[in-house]
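One structure is given here, and the rest of the page talks about it.
Protein chains in written order, with this note's numbering: chain L, 10 to 553; chain Y, 11 to 438.
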């Protein structure tokens with residue numbers, strides 16, 4: 010069987026070069042893909058793979074992607090694709106275009122998880138020798154999962170030909186997996202388990218654990234079950250390594266949560282921390298930023314679809330402008346009349362927050378809006394086996410650091426920053442030095458709101474874009490600012506990161522609900538002890 | 011002369027009263043209360059149901075109304091505030107004098123309405139799947155009970171088609187619906203020979219947004235060498251960050267399928283579903299089901315809401331079925347009196363949008379088909395498994411010992427929502 014498969018694959022390329030010869034049974038097997046019973050479909054897929062017809066890869070790929078249809082009129086199977094907004098169908102065997110067809114005239118051939126696994130495994134076997142590197146990588150991973158004994162020869166052949174190191178590692182991993190589970194030769198299995206024990210990832214761990222489950226423990230007096238012992242040893246060493254990486258992952262998750270908190274809180278650190286305005290509408294500025302991202306993405310989808318991946322970069326300044334503008338308007342129209350009256354400010358900004366929520370609800374509707382991750386922010390990067398970090402989290406951390414650096418520079422190195430600090434430290438003196446304090450107030454509030462808007466861009470990547478987005482972050486933001494020390498940006502950073510890490514180490518032990526409560530209680534106790542937070546401002550500024 | 015004048019005056023006054031009274035009669039309407047949150051965390055889901063009821067009312071009025079009267083919607087906003095649900099219910103019944111209420115989403119809001127609606131003998135149609143363990147004389151439950159959603163979904167994943175899962179992760183939001191459902195599921199899994207060591211239960215607060223640790227834990231739990239499946243009773247806003255994290259951490263449906271009971275087309279609308287293809291949902295309705303009734307419903311919905319992109323979902327169908335059953339029962343009873351309509355409700359039949367006929371049972375739950383579907387790249391859910399016939403909604407789960415012996419039946423001789431014996435022993 011294995012030999013036939015590889016022969017067939019050879020002929021596959023020859024056929025591809027010389028043009029297709031259609032066999033009647035291939036056509037009938039393709040027709041069977043629309044059968045009701047999954048078992049009939051699986052049998053048809055197996056025969057299709059065995060036939061080695063070059064069209065099989067195209068048909069199975071279309072099946073996997075949900076592009077295979079049955080024509081309602083005559084039950085003929087066709088491949089349908091939407092190319093530049095037009096839905097066209099083609100014949101899977103001849104490949105000729107059948108023109109535009111209404112979707113209503115077609116029945117989609119449905120696929121479920123069981124079929125998907127089988128099709129992926131089959132395609133993996135068929136594409137092991139593909140000239141495309143990424144295709145070979147996927148093929149290797151699919152073979153790892155299907156563990157089909159029949160691909161061993163093919164894998165060995167692929168390994169002999171392989172020149173790329175990354176693909177080679179995957180091939181060896183897949184080969185070991187197939188051998189460890191299916192080989193009849195104990196020495197081959199032992200060698201394979203040894204190879205596997207060098208890998209550190211959850212998939213290999215699962216594979217070895219299932220091996221142990223299948224091998225009966227040796228009865229007393231009987232010779233030792235070597236495979237089981239080897240597998241147990243391998244599992245122990247993999248788990249030991251996974252445990253260490255688990256701690257690293259927890260720290261990463263903590264830093265990531267911390268950077269999200271930092272982004273959300275940084276704007277508040279300015280409006281509340283520096284200016285002393287209890288701004289309950291801060292969360293809504295974050296939400297406005299997220300909706301701006303949605304709008305920008307929507308514009309890109311309509312007008313600049315090819316550059317969609319970069320829409321986020323445009324969304325960042327746009328969100329800053331929108332939220333900043335709202336902030337300036339709110340400051341000029343409401344907050345400036347309420348300086349020195351914290352209770353009224355609290356109530357007024359809370360009212361504003363409700364109004365903004367309802368405004369967004371009326372304009373965009375109450376449902377979530379779709380903001381998608383650009384491709385460079387999707388998926389994971391495997392740092393080493395056992396430590397996968399998600400790209401969107403990494404980018405959000407980078408973004409948080411950048412925003413923080415910009416804000417610090419703005420505060421410490423620019424004339425505007427100087428005026429801002431002057432006004433907050435001694436308003437009367439600043440005013441008598443010729444600084445337009447009202448204007449500085451408006452700009453400062455606008456800056457804080459704008460930063461909240463930029464946080465919204467980041468949050469739109471991991472959270473809901475709904476009118477309630479802001480409410481979820483307002484309490485956390487206040488907690489971070491108060492914990493870190495009001496009026497101190499560095500305090501906000503340390504506060505956010507330590508709360509993030511504390512939360513992530515607590516969560517696996519206590520569960521998410523209790524972790525949240527414990528963090529809150531801990532912060533309250535801490536504030537009792539040090540009312541001014543981690544890094545209290547010292548000197549005259551405190552009295553102001 | 012004086013006397014005559016007086017008589018005429020009286021006659022005139024009486025006539026005037028009659029004429030005026032007549033005018034009032036003609037303008038009289040049947041009031042329908044709509045009790046769905048239009049603000050707060052649940053607005054995302056419930057606003058759609060408010061619009062569905064309004065659409066159905068428009069439809070009836072266009073056809074000439076009910077019992078010769080027009081229907082009038084009384085919409086209130088309980089603002090996702092559970093105690094406010096009770097107050098608004100009292101306002102609807104006592105002040106607005108509505109004849110029926112369509113409303114509630116979360117179980118906690120329904121529990122809050124319950125004492126009021128029972129005290130005032132109102133009628134509530136509750137359109138959302140829930141945890142069961144309840145049957146009130148004044149509530150009709152048109153969403154799924156656990157045996158119409160949770161149990162079939164788990165059975166599917168245990169079967170060959172679903173991948174023969176042996177290990178289970180039960181993820182939920184921390185409140186009454188997920189906790190009760192998971193209690194039932196744990197008992198069910200135990201009865202199927204799944205050990206407690208192979209079940210992981212985890213609860214998160216409402217609106218939980220950082221799923222890194224939990225998704226990583228699920229991955230770890232799934233690497234013990236047995237096929238693992240996740241059952242999600244995560245509700246509301248927390249779903250989007252959960253699915254985003256699943257997609258980003260690369261959990262494929264073929265490896266670890268996630269079946270959700272509270273995620274429908276509406277919730278998926280805010281998500282890029284390409285990384286999620288193959289994850290499952292269990293409901294009694296999917297928008298993608300092909301039937302003439304469904305096509306007509308979707309068309310009507312899009313025309314009403316003036317947005318071609320708005321999806322339809324299961325609670326909308328449940329509202330549709332409940333509303334139609336109520337209008338049929340009112341017509342049959344010839345009155346909107348709660349007691350008469352209640353009697354007329356039993357055995358009431360309405361065609362499902364997905365084919366087949368839903369029947370109202372005497373335990374106030376429906377008989378409906380159960381669909382299990384997989385999420386597609388376009389945000390739709392396509393059926394991969396459908397029960398052959400109708401499944402009768404079970405108010406009291408058979409898998410919890412203390413509720414297995416209870417019966418809900420509001421007709422003679424039981425006349426009871428949670429009894430071990432009939433209230434009236436049959437006379438011989």
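For each residue, glycine too, the CB sits at the ideal point set by N, CA and C.
Nearest candidate by alpha-carbon position, reference residue i, set the options
i: residue 185 of chain Y; options: Y:176, Y:217, Y:203; result: Y:217
i: residue 409 of chain Y; options: Y:277, Y:183, Y:200; result: Y:200
i: residue 508 of chain L; options: L:63, L:372, L:270; result: L:270
i: residue 220 of chain Y; options: L:471, L:517, L:532; result: L:471
i: residue 120 of chain L; options: Y:94, Y:171, Y:354, Y:154; result: Y:171
i: residue 235 of chain Y; options: Y:215, Y:266, Y:244, Y:347; result: Y:266
i: residue 224 of chain L; options: L:211, L:238, L:230; result: L:238
i: residue 242 of chain L; options: L:339, L:207, L:107, L:257; result: L:207
Distance between residue j and residue i (C-alpha atoms, nearest Å)
i: residue 341 of chain Y; j: residue 77 of chain Y; result: 7 Å
i: residue 246 of chain Y; j: residue 159 of chain Y; result: 18 Å
i: residue 215 of chain L; j: residue 154 of chain L; result: 11 Å
i: residue 113 of chain Y; j: residue 103 of chain Y; result: 13 Å
i: residue 190 of chain L; j: residue 124 of chain Y; result: 57 Å
i: residue 428 of chain Y; j: residue 398 of chain Y; result: 29 Å
i: residue 318 of chain Y; j: residue 312 of chain Y; result: 5 Å
i: residue 425 of chain L; j: residue 278 of chain L; result: 17 Å
i: residue 97 of chain L; j: residue 36 of chain L; result: 21 Å
i: residue 443 of chain L; j: residue 449 of chain L; result: 12 Å
i: residue 75 of chain L; j: residue 118 of chain L; result: 7 Å
i: residue 337 of chain Y; j: residue 120 of chain Y; result: 22 Å
i: residue 70 of chain L; j: residue 132 of chain L; result: 8 Å
i: residue 420 of chain Y; j: residue 135 of chain Y; result: 16 Å
i: residue 143 of chain L; j: residue 177 of chain L; result: 12 Å
i: residue 542 of chain L; j: residue 316 of chain L; result: 45 Å
i: residue 324 of chain Y; j: residue 152 of chain Y; result: 10 Å
i: residue 247 of chain L; j: residue 529 of chain L; result: 37 Å
i: residue 203 of chain L; j: residue 188 of chain L; result: 11 Å
i: residue 534 of chain L; j: residue 477 of chain L; result: 29 Å
i: residue 273 of chain L; j: residue 502 of chain L; result: 11 Å
i: residue 374 of chain Y; j: residue 359 of chain Y; result: 13 Å
Buried or exposed (CB count within 10 angstroms, at least 16 for buried), residue i
i: residue 46 of chain L; result: exposed
i: residue 31 of chain Y; result: Only weak support is given to the placement of residue 31 of chain Y: the predicted model assigns it a pLDDT of 44, under 50, and the value that follows is read from those uncertain coordinates. Residue 31 of chain Y should be labelled exposed.
i: residue 423 of chain Y; result: exposed
i: residue 426 of chain Y; result: buried
i: residue 295 of chain Y; result: buried
i: residue 276 of chain Y; result: buried
i: residue 330 of chain Y; result: buried
i: residue 140 of chain Y; result: buried
i: residue 434 of chain Y; result: exposed
i: residue 94 of chain Y; result: buried
i: residue 309 of chain L; result: buried
Check whether residue i and residue j have beta carbons under 9 Å apart
i: residue 84 of chain Y; j: residue 50 of chain Y; result: no
i: residue 225 of chain Y; j: residue 238 of chain Y; result: no
i: residue 325 of chain L; j: residue 466 of chain L; result: yes
i: residue 498 of chain L; j: residue 410 of chain L; result: no
i: residue 401 of chain Y; j: residue 380 of chain Y; result: yes
i: residue 384 of chain Y; j: residue 290 of chain Y; result: yes
i: residue 346 of chain Y; j: residue 70 of chain Y; result: no
i: residue 180 of chain Y; j: residue 210 of chain Y; result: yes
i: residue 403 of chain Y; j: residue 197 of chain Y; result: no
i: residue 146 of chain L; j: residue 175 of chain L; result: yes
i: residue 243 of chain Y; j: residue 191 of chain Y; result: yes
Chain-ordered neighbours of residue i on chain Y, where CB pairs are closer than 8 Å
i: residue 517 of chain L; result: 223, 227
i: residue 175 of chain L; result: Simply none; closest approach about 17 Å.
Within chain L, partners of residue i - CB distance below 9 Å
i: residue 46 of chain Y; result: Going along chain L, no residue has its Cβ under 9 Å from residue 46 of chain Y, so there is no contact; the nearest lies around 11 Å.
Contact list for residue i against chain Y, beta-carbon separation under 7 Å
i: residue 513 of chain L; result: 223
Residues that residue i contacts on chain L, provided the C-beta gap is smaller than 8 Å
i: residue 218 of chain Y; result: 521
Any non-hydrogen atom of the ligand SAM closer than 8 Å to residue i Cβ
i: residue 472 of chain L; result: Within the structure as shown, the ligand SAM is missing, as the structure has no ligands at all.
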